[in-house]
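To start, the structure itself, in structure tokens.
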């Protein structure tokens, strides 16, 4: 009986160790792979919002993602399919008076990997 209990205990330990989620993380190849957009500026221009940014290097960049988060937390994202872009104009946002949007920009590579996000810029509709 002791042998059977020891065998069952050994099997349970082997199964538990085999199901462990402790695996070594892959090398962080993506560190410094894409630059972080800087100097993000969102301004209202009539019925449109114009977002501009700077990027130190366009190496590995396939495009950009621009996100607009309203005061309720709803997020709308737009893809800019131009690695040399430094601005984007959006015309479908609700620009009713007192609307507030938080705007961020990410560089994206050809595999849709997002680089580090820009600092948040806020836009208060006049």
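Residue numbers (my numbering): 7 to 132. Every residue, glycine too, gets a C-beta built ideally from N, C-alpha and C. Given the structure is predicted, the values throughout are model-derived calculations rather than measurements.
Rounded to whole angstroms, the gap between the alpha carbons of residue 108 and residue 55 is 12 angstroms.
Nearest neighbour of residue 110 by Cα position, chosen from 50, 68, 82, 9, turns out to be 82. Between residue 87 and residue 68, the alpha-carbon positions lie close to 7 angstroms from each other. Per the coordinates, the alpha-carbon of residue 101 lies some 33 angstroms from the alpha-carbon of residue 63. By alpha-carbon distance to residue 60, the top candidate from 118, 114, 115, 90 is 90. Residue 38 and residue 8 have their C-alpha atoms spaced approximately 57 angstroms apart. With contacts defined by Cβ atoms closer than 8 angstroms, residue 50 and residue 121 do not form a contacting pair.
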